[in-house]
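*Asks:* In this note's numbering, the protein residues as written are 1 to 408.
Structure in structure tokens, see below.
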Amino acid sequence: MSDRQDLLGRHVLLGLTGGVACYKAAELTRELTRAGATVQVVMTEAALQFITPVTMQALSGRPVFTSQWDARPANSMAHIELSREADAIVVAPASADFIAQLAQGRAGELLALACLARPAERVPLFVAPAMNREMWAHPATQRNVAQVAADGAVVLGPASGAQACGETGDGRMLEAVELRDALVAHFQPKVLAGRRVLITAGPTFEAIDPVRGITNHSSGKMGFAVARAAAEAGAEVTLVAGPVHLPTPLGVRRLDVCSAQQMHDAVLPLAPTHDVFVATAAVADWRPSQFNEQKIKKDGKKVAPSFELAENPDILAAVARLPAQARPWCVGFAAESHDLVRHAREKLERKGVPLIVGNLGPATFGRDDNTLLLVDAAGERELPHGDKLSLARDLVREIASRITRFPT
Ligand code: CTP
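Below, the structure is given as structure tokens:
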């Protein structure tokens with residue numbers, strides 16, 4: 001993660017209940033504090049079997065609470081004090097038994113008591129289940145989880161995969177960074193609430209034969225950052241990604257494609273159901289006219305093979321040409337090696353889009369930071385240099401302010 005302090009000034013009550021995933025809560029504490037949050041750990045009796053309060057105190061820098069009879073709070077009401085000072089309560093791991101307690105509104109120990117006593121309109125409750133797959137699949141657990149969600153808690157996960165018990169299936173707690181990112185997202189302003197955003201990202205790969213192709217250096221990082229920022233801002237996000245090695249941002253629907261034609265064929269039918277289209281992909285302009293079914297061999301030939309190239313469809317221009325009622329608000333990117341303003345403005349007109357985001361391609365490909373230039377009919381504006389997620393958030397705010405005149 002970058003040095004962004006996305007949780008600066010936020011106070012998190014982190015509750016641990018019984019489960020092997022308590023070791024991930026240690027990492028979560030570090031991630032939250034590195035992001036600027038203060039963390040108050042509360043552990044249930046069962047959690048004490050899995051990790052010690054000494055570790056959690058060392059990582060959070062605060063003594064851990066384990067009992068509702070703790071004498072430290074002046075009014076002797078730990079559940080009130082702890083739940084009033086928190087900006088969010090995160091229960092990670094949340095055991096089947098703890099979720100059952102929440103569902104029933106039980107208050108048998110400090111953590112459940114604090115969850116019940118929290119001012120629900122101000123202090124959100126996040127629950128990260130962690131348990132054996134059979135326990136997770138049991139109708140009683142499913143009933144309880146549904147009840148907890150209906151009562152206003154945000155259920156994060158669980159993920160699927162190898163479990164501590166040796167079995168494989170649903171019930172693994174999400175990773176610490178995923179939980180951190182969910183919390184970060186919660187605190188972002190919801191400037192795109194109710195909007196649907198379609199994004200292309202990454203390079204495309206134009207196959208020559210089964211083992212070779214034409215591609216470029218785009219890493220997809222900017223597009224993935226825009227997808228994450230849009231999701232954080234409350235949008236429903238669809239990300240059409242070329243071949244990249246990046247994890248899908250939380251809450252984003254992802255479609256993987258390879259060639260420009262595939263990207264075009266995925267995007268065009270989706271465009272009319274979206275409010276905004278952001279084309280960050282570095283789409284190959286040309287593809288080999290013919291695909292060789294078999295690998296082209298050297299076979300001692302002295303003459304290098306030559307290729308005919310065919311032009312790929314321009315995805316952004318095609319979306320921008322859709323009839324007004326089927327057309328999302330379009331944002332193009334322009335990666336240039338020189339004369340950024342001139343080329344960006346020329347693209348604005350040629351593609352018929354209201355906003356082009358310019359950047360100097362070779363200086364940004366693969367990097368985590370960037371500088372963006374917004375070019376529209378009104379003029380140019382530079383977004384301050386920053387990491388790609390900060391820039392993406394700025395861009396999302398810019399887009400949101402420009403589309404407010406469009407009804408959702
Ligand atoms: N784009 C697209 N489909 C293409 C080519 C480009 O959707 N076949 C989109 C890109 O995602 C970007 C914008 O158009 O948002 C500009 O891409 P760029 O490659 O910079 O522009 P080109 O139109 O290819 O112009 P040139 O290569 O001459 O710079």
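Just so it is clear, CB atoms sit at the ideal spot from N, CA and C, and this is done for glycine as well.
Roughly how many whole angstroms lie between the Cα atoms of glycine 352 and glycine 9?
*Replies:* Taking the first residue of the sequence shown as 1, we reach residue 352 at position 352. Taking the first residue of the sequence shown as 1, we reach residue 9 at position 9. If you take the alpha carbons of glycine 352 and glycine 9, they lie about 43 angstroms apart.
*Asks:* Do the stretch 342 to 357 and the stretch 291 to 302 meet, that is, are 3 or more Cβ pairs less than 8 angstroms apart?
*Replies:* Touching, no, given that fewer than three Cβ pairs across the two stretches are closer than 8 angstroms.
*Asks:* Could you tell me whether the Cβ atoms of alanine 284 and asparagine 216 are closer together than 8 angstroms?
*Replies:* Here the question's residue 284 lines up with position 284 in the sequence shown. Here the question's residue 216 lines up with position 216 in the sequence shown. Result yes, Cβ atoms of alanine 284 and asparagine 216 sit closer than 8 angstroms.
*Asks:* Would the beta-carbon of threonine 17 fall within 8 angstroms of that of leucine 156?
*Replies:* Along the sequence shown, one-based indexing puts residue 17 at 17. Along the sequence shown, one-based indexing puts residue 156 at 156. The answer is no: Cβ separation not under 8 angstroms.
*Asks:* Nearest to alanine 140 by alpha carbon, out of Thr204, Ser95 and Val197?
*Replies:* One-based indexing of the sequence shown puts residue 140 at position 140. Here the closest residue by C-alpha is Ser95.
*Asks:* Report the three-state DSSP secondary structure of serine 67 (helix, strand or coil).
*Replies:* The residue labelled residue 67 in the question sits at position 67 within the sequence shown. Coil at serine 67, not helix or strand.
*Asks:* Are the beta-carbon atoms of leucine 198 and histidine 274 separated by less than 8 angstroms?
*Replies:* The residue given as residue 198 occupies position 198 in the sequence shown. The residue given as residue 274 occupies position 274 in the sequence shown. Going by C-beta atoms, leucine 198 is nearer than 8 angstroms to histidine 274.
*Asks:* Only counting the same chain, and skipping five residues up and downstream in sequence, which positions put a Cβ closer than 8 angstroms to that of tryptophan 286?
*Replies:* Here residue 286 refers to the residue found at position 286 of the sequence shown. Once the five neighbours on either side are set aside, the close Cβ partners of tryptophan 286 are Glu206, Ile214, Leu309, Ala310, Glu311 and Asn312.
*Asks:* Let me know the secondary structure DSSP gives cysteine 165 once reduced to three states.
*Replies:* By one-based count along the sequence shown, residue 165 stands at place 165. The answer is coil: DSSP assigns cysteine 165 none of H, G, I, E or B.
*Asks:* For phenylalanine 333, is the beta carbon positioned less than 7 angstroms from some heavy atom of the ligand CTP?
*Replies:* Residue mapping note: residue 333 aligns to position 333 of the sequence shown, counting from 1. Yes; taking the cut-off as 7 angstroms, the Cβ of phenylalanine 333 has a heavy atom of the ligand CTP nearer than that.
*Asks:* Quickly, what does DSSP pair threonine 200 with across the bridge? List them, please.
*Replies:* In the sequence shown, counting from the first residue as 1, residue 200 sits at position 200. BP columns for threonine 200 point to Val240 and Ala279.
*Asks:* Run the CB neighbour count on glycine 202, radius 10 Å, all protein chains shown included, and call it buried at 16 or more, exposed below.
*Replies:* Position 202 of the sequence shown, counted from the first residue, corresponds to residue 202. Buried, by the Cβ-count rule.
*Asks:* Looking only at C-alpha atoms, which of Gln142, Met131 and Thr200 sits nearest to glutamate 167?
*Replies:* What you label residue 167 is simply residue 167 of the sequence shown in a count that begins at 1. Closest option to glutamate 167, Cα to Cα, is Met131.
*Asks:* Under 8 angstroms by Cβ, that's how I've got phenylalanine 98 and threonine 44 pegged, so tell me the actual separation to the nearest angstrom.
*Replies:* Residue numbering aside, residue 98 sits at position 98 when the sequence shown is read from its first letter. Residue numbering aside, residue 44 sits at position 44 when the sequence shown is read from its first letter. Their Cβ separation, rounded to whole angstroms, is 7 angstroms, which keeps phenylalanine 98 and threonine 44 in contact under 8 angstroms.
*Asks:* How many angstroms separate the CA atom of histidine 245 from the CA atom of alanine 227?
*Replies:* Here residue 245 refers to the residue found at position 245 when the sequence shown is read from its first residue. Here residue 227 refers to the residue found at position 227 when the sequence shown is read from its first residue. The straight-line gap from Cα to Cα measures roughly 15 angstroms.
*Asks:* Could you check how far apart the C-beta atoms of valine 331 and alanine 279 are, in whole angstroms? I think they sit under 8 angstroms.
*Replies:* The count along the sequence shown starts at 1 and reaches residue 331 at position 331. The count along the sequence shown starts at 1 and reaches residue 279 at position 279. The Cβ separation is near 7 angstroms, so the contact holds.
*Asks:* Which class does arginine 30 belong to by DSSP, given the choice of helix, strand or coil?
*Replies:* Along the sequence shown, one-based indexing puts residue 30 at 30. Here arginine 30 sits in helix by DSSP.
*Asks:* Does any CB atom of chain E fall closer than 8 angstroms to the CB of glutamate 167?
*Replies:* Protein chains in the displayed structure number just one, and chain E is not present.
*Asks:* Measuring from the CB of leucine 316, is there a heavy atom of the ligand CTP at a distance below 7 angstroms?
*Replies:* Numbered from its first residue, the sequence shown carries residue 316 at position 316. Checking every heavy atom of the ligand CTP against the Cβ of leucine 316, one is found closer than 7 angstroms.
*Asks:* With alanine 282 and serine 218 assumed to form a contact (beta carbons below 8 angstroms), what rounded beta-carbon distance in angstroms separates them?
*Replies:* Start at 1 with the first residue of the sequence shown, and residue 282 comes out as number 282. Start at 1 with the first residue of the sequence shown, and residue 218 comes out as number 218. Contact holds; Cβ gap of about 4 angstroms.
*Asks:* Just grab the DSSP bridge partners of glutamine 40 for me.
*Replies:* The count along the sequence shown starts at 1 and reaches residue 40 at position 40. Paired residue(s): Leu13.
*Asks:* At which residues does the beta strand (DSSP E) containing isoleucine 356 begin and terminate?
*Replies:* In the sequence shown, residue 356 corresponds to position 356, counting from 1. First-last of the beta strand (DSSP E) with isoleucine 356: 355 to 360.
*Asks:* Ordered along the chain, which non-local residues of its own chain (more than five positions away) have a Cβ less than 7 angstroms from that of leucine 322?
*Replies:* Within the sequence shown, the letter at position 322 stands for residue 322. Ala271 and Pro272, listed in sequence order.
*Asks:* By how many angstroms is the C-alpha of alanine 318 removed from the C-alpha of leucine 229?
*Replies:* In the sequence shown, the residue the question calls residue 229 occupies position 229. In the sequence shown, the residue the question calls residue 318 occupies position 318. Note that residue 229 is alanine in the sequence shown, not leucine. Cα-Cα distance, rounded: 25 angstroms.
*Asks:* Can you name the start and end residues of the alpha helix (DSSP H) that threonine 141 belongs to?
*Replies:* Counted from its first residue, the sequence shown places residue 141 at position 141. Counting along the chain, the alpha helix (DSSP H) containing threonine 141 begins and ends at 139 to 150.
*Asks:* When the Cα atoms are used, what is the spatial distance from leucine 373 to arginine 4?
*Replies:* In the sequence shown, residue 373 corresponds to position 373, counting from 1. In the sequence shown, residue 4 corresponds to position 4, counting from 1. Roughly 21 angstroms between the two C-alpha positions.
*Asks:* So what does DSSP say about aspartate 285, is it helix, strand or coil?
*Replies:* For the purposes of this step, residue 285 is taken as residue 285 along the sequence shown, with counting starting at 1. Residue state, collapsed to three classes: coil.
*Asks:* By Cβ distance, which residues of its chain are closer than 6 angstroms to methionine 1, with the 5 residues on each side in sequence left out?
*Replies:* For the purposes of this step, residue 1 is identified with residue 1 of the sequence shown, where counting begins at 1. For methionine 1, the predicted structure reports a pLDDT of 47, less than 50, and the residue's modelled location is therefore unreliable. The matter cannot be settled from this model.
*Asks:* In terms of residues, what are the limits of the beta strand (DSSP E) holding isoleucine 214?
*Replies:* Locating residue 214 in the sequence shown gives position 214, where the first residue counts as 1. It spans 212 to 214 - the beta strand (DSSP E) in which isoleucine 214 sits, taken as one unbroken run.
*Asks:* Is it true that the CB of valine 20 sits closer than 8 angstroms to the CB of alanine 233?
*Replies:* Position 233 of the sequence shown, counted from the start, is the residue given in the question as residue 233. Position 20 of the sequence shown, counted from the start, is the residue given in the question as residue 20. Contact flag unset, no.
*Asks:* Could you check the C-alpha separation between valine 145 and isoleucine 315 for me, to the nearest Å?
*Replies:* Your numbering for residue 145 matches position 145 in the sequence shown. Your numbering for residue 315 matches position 315 in the sequence shown. For valine 145 and isoleucine 315, the distance between alpha carbons rounds to 42 angstroms.
*Asks:* Kindly confirm or deny that the stretch 172 to 188 and the stretch 252 to 261 touch, where touching means at least three C-beta pairs closer than 8 angstroms.
*Replies:* Taking 8 angstroms as the limit for Cβ pairs, the verdict is that the stretch 252 to 261 does not touch the stretch 172 to 188.
*Asks:* Under 7 angstroms: does the beta carbon of valine 283 sit that close to some heavy atom of the ligand CTP?
*Replies:* Here the question's residue 283 lines up with position 283 in the sequence shown. Answer for valine 283: yes, Cβ within range of the ligand CTP.
*Asks:* Quick one: what's tryptophan 329 bridged to in DSSP?
*Replies:* Reading the sequence shown from its first residue, position 329 is the one you call residue 329. Tryptophan 329 pairs with Val276.
*Asks:* Near threonine 408, what residues of its chain come up, given a Cβ to Cβ distance below 6 angstroms and the 5 sequence neighbours on each side ignored?
*Replies:* For the purposes of this step, residue 408 is taken as residue 408 along the sequence shown, with counting starting at 1. At threonine 408, the pLDDT of 48 sits below 50, so the modelled position is not reliable and the matter cannot be decided from this model.
*Asks:* Which same chain residues, not among the five before or five after proline 305, have their C-beta less than 6 angstroms away from its C-beta?
*Replies:* Counting from 1 along the sequence shown, the entry for residue 305 is found at position 305. Counting only Cβ-Cβ distances below 6 angstroms, and skipping sequence neighbours, we find Ile296.
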